[in-house]
Each structure stands twice: as structure tokens, then as C-alpha cells.
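*Asks:* Numbering (this note's numbering), first residue to last: 1 to 498.
Glycine residues also receive a C-beta, built at the ideal position from the N, C-alpha and C atoms.
If you're wondering where the values come from, they're calculated on a predicted model, not measured in any experiment.
(1) Which word fits residue 389, buried or exposed, when buried means at least 16 other C-beta atoms lie within 10 angstroms of its C-beta?
(2) Quick one: what's got a C-beta closer than 6 Å to residue 137's C-beta in the same chain, skipping five residues either side?
(3) Hey, how far is the Cα of residue 17 from the Cα of residue 193?
(4) Is the beta carbon of residue 199 sitting closer than 7 Å to the one on residue 223?
(5) Could you tell me which of 267, 265, 177 and 292 sits nearest to residue 278, measuring between CA atoms?
(6) Helix, strand or coil, according to DSSP, for residue 460 in the structure here?
(7) Would you be able to state if there are at least three C-beta pairs under 8 Å between the stretch 376-384 and the stretch 398-413?
(8) Can you list, in chain order, the stretches of the beta strand (DSSP E) that have 3 or more residues and sit fully within the stretch 90-137?
(9) Decide if residue 94 is buried, meaning its Cβ has at least 16 other Cβ atoms within 10 Å, or exposed.
(10) Which ranges does the alpha helix (DSSP H) cover as unbroken runs of at least 4 residues, wholly within the stretch 361-407, from first to last along the chain?
(11) Tell me the residue span of the beta strand (DSSP E) that contains residue 157.
(12) If you pair each beta-carbon of the stretch 299-311 with each one of the stretch 344-353, do three or more pairs fall below 8 Å?
(13) Can you tell me whether residue 366 is buried or exposed? The criterion is at least 16 other CB atoms within 10 Å of its CB, across all chains shown.
(14) Between 417, 130 and 175, which lies nearest to residue 158 when the distance is taken from Cα to Cα?
(15) Tell me whether residue 67 is buried or exposed, calling it buried when 16 or more other Cβ atoms sit within 10 Å of its Cβ.
(16) Looking only at C-alpha atoms, which of 263, 69 and 221 sits nearest to residue 247?
(17) Output yes or no for whether 7 Å exceeds the beta carbon distance between residue 69 and residue 97.
(18) Sort out for me which residues DSSP pairs residue 352 with in a bridge.
(19) Taking only three categories from DSSP, how would you classify residue 500?
(20) Is the stretch 78-90 close to the stretch 178-186, with three or more CB pairs under 8 Å?
(21) Could you tell me the distance, in whole angstroms, from the CA atom of residue 360 to the CA atom of residue 328?
(22) Apart from the five residues on each side of it in sequence, which residues of its chain come closer than 8 Å, Cβ to Cβ, to residue 501?
(23) What do you reckon, are the CB atoms on residue 395 and residue 356 nearer than 7 Å?
(24) So the alpha helix (DSSP H) residue 291 belongs to, where does it begin and stop?
(25) Within a Cβ cutoff of 6 Å, which residues of the same chain sit near residue 416, ignoring the five residues on either side of it in sequence?
(26) With contact counted as at least three CB pairs below 8 Å, one residue from each stretch, are the stretch 43-58 and the stretch 148-162 in contact?
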């Protein structure tokens, strides 16, 4: 089963990412353009101010040397006035001669086309040459650069005016260059954005496709892992999660199948024997009693299985509370002797419960659960040990842990089977059992309970020739406060009984 992502949705994500790149590039280019344009305009105005100041000072010196300038055109002054206008056109500015207050006396252009007054005092401070400069908005001239230089020997000023728009127009090539650069930046951003959009979104799209595949029931779906960045790490986590989901689903199916089989067997047996009794097939009382005994035995088996399944359900749901306090190992030994020595003798076996508190060591855990685990392990050992054999229960301890050892002289467990026997419904070859096999859940419950008590359980080879089960629990200190903790959900998916 293959999961395909809707091309429209794929294109939408790529398109959105590409447009985001282009939008950022365009906004950045616009900001750079505006900042550079404003800065460049100020720079060019500053340069023009310096240049125009130098030119105006030079022209003011010429006017001072030639004496006062008048408007007459048929006199030598008329020639000077024509020269004055030529000089204005050469420097690209309008020239005005004003009195001390700034009233215009002579203009290089007709007076009707320019301002009639300047307002010299409003132009700011003078420099070391006596020149005043400013950018002002004047009636009849607009926004202009104003440079005023004093005329020596004459109570007035030579004023040069140049529209700021003319200065800016001289920089049109800069505007075109900036616009071209911004357009190129947007085009590059479009191409780079398309590439990066595909590169960045492809892993995300594959992860989304994987999530949709799992939602559709394709358990265990894996996505390719590319690179070593955060997306690759996310893909690894996704694959691990998907694998766990697949394992959990497979375990669930296996569990349901096993439960169905375990329930079907006693129910079928009960139905068969009950039907024989009701049909009148059995006539003698002895056979009837035997059939009734089988029905009772199967009903008991069904009840035990149901109770075990309920116990596992409680463990899975976290409804089991585990006390954490020192367990009386001597009392534990007495309880095990009382429970199992007679049981072993009835089966022709020797059950030897030794010292369980070596050097006074005691386990830390839940007393009832420790007894439950130990009893289940002894029952398991009795089931697989033939008549004449023995089952030995002992303990050992070190500085930080206490270990319960359950040994038997049965057929033992192969190394390949020692890990999987704790899985649910796993039962080894029934021919190994001296008595009837169990449900395959007892060791699973033991595993879960020991884990909840922060312990470990495993199978090994016994010195008696059979199997050894080891339960390792934390060792209780001399004083230890009792605390209760609800089951944690960090547990293995399965475990079992033989």
C-alpha cells in the first residue's frame, strides 16, 4: 500500500514557501532601495551645496570688484547683467542679488518668475567665509537649495537657488540602477525560493504522507531519511514511532487471536461434555461423574484465564498500586513453604525453601506482589519438573540489590527461548511439562510486576540441571520511608508464563 500526497496540496505548500521567499526578498530590496535613495540624495545635495557655495563665493567676489550691479541694459552695467545671467546658466542655478534683509534687487531671471525675498536670517549660521546654506521652500521657486554669499563693499548678498528636484533628477541613473538591482534580486529570489521550497518542503511532505498512510492503516510506514539536520532527526523519530505502532498493532492482533484460542478450547470442551450429558449418550454414573469433573475443570480453567486477563488489563491500564517498603524476607520464606512444600510432595517433588534474608538483607517492594511473583515462579517450576526432581528457592544479596533464585531439575530452557518466555501466551513444547500447561500469561505478569518494583527478572541455566529464574529487586536500607506509586506506562509490550 502506497501513500500519495495530493499534487494540489503539494503545490500549495511549495507555492506558499516560494512566495514567502520572494516577498521577503522584495521587501528587503524595497527597504534597501529607499534607504539608499534617501542617503544618496542627501549625499548629492551635500556635494552640490559644497560646489555651489564655492561658485557663489567666486561670483560674489567678481561682483564686489565690479561695483554695484543695476538693471540697465544700454550701459556697461547692462553688459554685466547679461554676463550675470550667462554665469547663472553656466553654474545651473538662479542668481539673485539682495539687500541685507534679503529683498531681491536683481535676478538672473525675470522677477515675475522667482521669489521677491529670501529671508537671509532664516538660512542658519554662516561659515568661516560668511556663507549661509539651507534647503527651503520658497514662494515662486518651490523647494530649493539656497546658498547666500556676502558681497564685499556692498550691503547685500549674492544668492544662488537650485531646485532640489533638479539635483535629484541628475541621479536618475542611480534610481534606474537600484530598480534594476531590485528586480534582479526578486528574480533570483524566485529561482532560489523555488529550489529551496522543494528542498525544504519535500521532507515535510513525505512526513505528512507517512502520517496519512498510518492514519489509513498502513502500519509501519517508513519515510526516507536524508541529511543530518532537524528534519532528518524528525524522520528518524517518525520511523521509530511508526515501527512501534506496527509492533503494537501486531501484538494486539496476536493477543486477540491467542485470547480467542484460549477461550475457545475450554468452552468447546464444556459444550461437548455438557451436550453428551444432556443427549443421554452417557448412561452409567461413573462416566457421568467423569464428564462433570471435566466440565468443572474446564470451567475452573476458564475462570483462571479470565482472572489472569483482568489482572493484565489492570496492569496495562495503570490501575495497580505498588507499595515501596522493606519486605520481610523471613516471613516470605515461611509463606512459600506453607504454600508449596505440600504441593510438591503431592507431585513427588522436593521443594526446598532456603534462607531468603542473607545477612539480614531484605528486598524493597510490595510484599503481596513479591509473594505473588515467587509463588508463580515456583508453580511454573513444579509444572516442568518430573517426579523425583527438586525445586530449590534461595536468595543472595549485594550492597544495592536482593535476588530471589528459583531453581529446578527439569528440562531447562534453551538460550534462544529465555527472552521470549516472558512474552504473552508463549509456551514452550508442551511435552516438557510434567503436568498440564498453563495459560502462557503467568510469566508475563511476573515480568510486569517486577518491572513496576524497579526490578529485573530473567531466566538462566540452573546448577540443578534445569531452569533458574532470577528476580532482582532493590535492597532495602535499614530505614526507608514507605511510598506508593501508580504504575508507570514505560513498560515492555509483552511477557508470559510457562
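*Replies:* With the structure as the only source:
(1) As a first step, residue 389 is located in the chain shown; it is residue number 389 there, counting from the start. Buried, because 16 or more other Cβ atoms sit within 10 Å of the Cβ of residue 389.
(2) On the chain shown, position 137 is the one that residue 137 refers to. Closer than 6 Å at Cβ, skipping near neighbours: 143.
(3) Within the chain shown, the letter at position 17 stands for residue 17. Within the chain shown, the letter at position 193 stands for residue 193. Rounded to whole angstroms, residue 17 to residue 193 spans 7 Å at the Cα level.
(4) In the chain shown, the residue the question calls residue 199 occupies position 199. In the chain shown, the residue the question calls residue 223 occupies position 223. Taking 7 Å as the Cβ cut-off, residue 199 and residue 223 do not qualify as a contacting pair.
(5) As a working note, residue 278 is residue 278 in the chain shown. Residue 292 is the option with its Cα nearest to residue 278.
(6) For this step, residue 460 is matched to residue 460 along the chain shown. Three-state result, residue 460: strand.
(7) Judged by Cβ distances under 8 Å, the stretch 398-413 makes contact with the stretch 376-384, as three or more pairs qualify.
(8) Correct list: 94-99 and 104-107.
(9) Within the chain shown, the letter at position 94 stands for residue 94. A residue is called buried once 16 or more other Cβ atoms fall within 10 Å of its Cβ, and residue 94 is buried on that count.
(10) Complete alpha helix (DSSP H) runs here, min 4: 367-384.
(11) The residue given as residue 157 occupies position 157 in the chain shown. First-last of the beta strand (DSSP E) with residue 157: 156-163.
(12) With the rule of 3 Cβ pairs closer than 8 Å, the stretch 299-311 does not count as touching the stretch 344-353.
(13) Counted from its first residue, the chain shown places residue 366 at position 366. Buried, by the Cβ-count rule.
(14) Your numbering for residue 158 matches position 158 in the chain shown. When each option's Cα is compared against that of residue 158, the closest is 130.
(15) The residue labelled residue 67 in the question sits at position 67 within the chain shown. Exposed, since its Cβ has fewer than 16 Cβ neighbours within 10 Å.
(16) The residue given as residue 247 occupies position 247 in the chain shown. Considering only alpha carbons, the answer is 221.
(17) The residue given as residue 69 occupies position 69 in the chain shown. The residue given as residue 97 occupies position 97 in the chain shown. With contacts defined as CB atoms closer than 7 Å, residue 69 and residue 97 qualify as a contacting pair.
(18) Taking the chain shown and counting its residues from 1, the one referred to as residue 352 is at position 352. In the DSSP assignment, residue 352 forms a beta bridge with 392.
(19) In the structure as shown, the chain begins at 1 and stops at 498. Residue 500 is therefore absent and cannot be evaluated.
(20) Taking 8 Å as the limit for Cβ pairs, the verdict is that the stretch 178-186 does not touch the stretch 78-90.
(21) The sequence position of residue 360 within the chain shown is 360, counting from 1. The sequence position of residue 328 within the chain shown is 328, counting from 1. About 10 Å.
(22) Past the edges of the chain, shown from 1 to 498, lies residue 501, and the structure says nothing about it.
(23) As a first step, residue 395 is located in the chain shown; it is residue number 395 there, counting from the start. As a first step, residue 356 is located in the chain shown; it is residue number 356 there, counting from the start. Cβ distance < 7 Å, so residue 395 and residue 356 count as in contact.
(24) On the chain shown, residue 291 is found 291 positions in, with the first residue counted as 1. If you look at residue 291, you'll find it in the alpha helix (DSSP H) that goes 285-317.
(25) Reading the chain shown from its first residue, position 416 is the one you call residue 416. Taken in chain order, the list of residues that qualify is empty.
(26) Contact between the stretch 43-58 and the stretch 148-162 is present, because at least three Cβ pairs lie under 8 Å.
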